[in-house]
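Novice: Please find one structure pasted underneath; my questions will follow.
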Amino acid sequence: MTRGGSMGILGGTFDPVHLGHLRAAEEAAEALGLDEVAFVPARKPPHKPGEPTASPEDRLEMARLAVVGRPGFFASDMELFREGPSYSLDTLRVLGKERPGTDLYFLLGTDAFVEIHTWHRWEELFSHAHFVVLTRPPRAAEDVAPYVEQTLAGLFSAEGGEWRHKASGNRLIPLSVTALDISATAIRGLLARGKSIRWLVPEPVRDYIILRKLYTDAP
Ligand code: ATP
16 MTRGGSMGIL
26 GGTFDPVHLG
36 HLRAAEEAAE
46 ALGLDEVAFV
56 PARKPPHKPG
66 EPTASPEDRL
76 EMARLAVVGR
86 PGFFASDMEL
96 FREGPSYSLD
106 TLRVLGKERP
116 GTDLYFLLGT
126 DAFVEIHTWH
136 RWEELFSHAH
146 FVVLTRPPRA
156 AEDVAPYVEQ
166 TLAGLFSAEG
176 GEWRHKASGN
186 RLIPLSVTAL
196 DISATAIRGL
206 LARGKSIRWL
216 VPEPVRDYII
226 LRKLYTDAP
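The sequence shown maps to residues 16 to 234 in our numbering.
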């Protein structure tokens, strides 16, 4: 299938998806003029200790429910059927093959970005997509530069507030988004203590969590 246009990819555990993910994706889509944003739950996140609390199927369903009514946003099951750890490199390679005419933008929060040198074959990642680093409290857009200059030294050249991957020409774009200090960990904690999570997740996601009795015994 050959299609043009541009697509953002937000990978994650989505355990559960929350308004921090959604608002950041919305602002990235608007700022970059993205035609689509794929929310891609990892079957087995390589970087997180232990297993996700909810099943991959529940996490995908919550992502689906979260984006209902937002044209261009969709939840993808592409990592759910792959054996072994869900590496972003594999996801980007598959998308690159499936969508040769589409500009791919990999979206990730500052917390994830400053760990990228620990990811599977991380130096190859930047050849497969543009990277958009979304600010997530407590980190700001200014925190991206020291990491790029020190840890990713030599891979990028600076270009007016962003960088270009020397090998591929792909962009690395720091993007300030509305600071929403929301995490899935905190949401699971609230649910485990019997507290409200209203206005931290979309209502259909909250309904699903209640219906399926998810996270009620999380630590
Ligand atoms: P957990 O608390 O279980 O570690 P999380 O809330 O960090 O989960 P993930 O599914 O791991 O959620 O996040 C997926 C991606 O979304 C990551 O790149 C992460 O940096 C980004 N992200 C998550 N929450 C926010 C937020 N509040 N603001 C901006 N980016 C976010």
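Where is the CB? At the ideal position from N, CA and C, for every residue including glycine.
Computed from a predicted structure; not experimentally measured.
1. According to DSSP, is Glu66 helix, strand or coil?
2. How many Å lie between Met22 and Glu41 at the Cα?
3. Which full runs of the beta strand (DSSP E) of 3+ residues lie inside the region 165 to 212, going along the chain?
4. Locate the alpha helix (DSSP H) running through Asp73, then write down its first and last residues.
5. So, at 6 Å on beta carbons, what are the nonlocal neighbours of Leu229 in its own chain, with the 5 sequence-adjacent residues on each side left out?
6. Quick one: does the C-beta of His132 sit closer than 7 Å to a heavy atom of ligand 1?
7. Following the continuous beta strand (DSSP E) through Gly27, name the residue where it begins and the one where it ends.
8. Leaving out five residues before and five after Thr17 in sequence, what residues of the same chain have Cβ atoms less than 8 Å from its Cβ?
9. Starting from Pro56, trace the beta strand (DSSP E) in both directions and tell me its first and last residue.
Specialist: Short version:
1. Correct three-state label for Glu66: coil.
2. Counting only the Cα atoms, Glu41 lies some 12 Å from Met22.
3. If we require 3 residues or more, the beta strand (DSSP E) runs fully inside the region 165 to 212 come out as 171 to 174, 177 to 180, 186 to 190.
4. That run of the alpha helix (DSSP H) goes 71 to 82.
5. Within the same chain, Leu229 has close Cβ partners Ala69.
6. Annotation for His132 indicates a beta carbon at 7 Å or more from all heavy atoms of ligand 1.
7. The continuous beta strand (DSSP E) containing Gly27 extends over residues 21 to 27.
8. Low confidence applies to Thr17: its pLDDT is 47, below 50, so where it sits in the model is not reliable, and the reading given next is rough at best. Excluding positions up to five away in sequence, the list reads Arg114, Pro115, Gly116.
9. Following the DSSP letters along the chain, one finds Pro56 inside the beta strand (DSSP E) bounded by residues 51 to 56.
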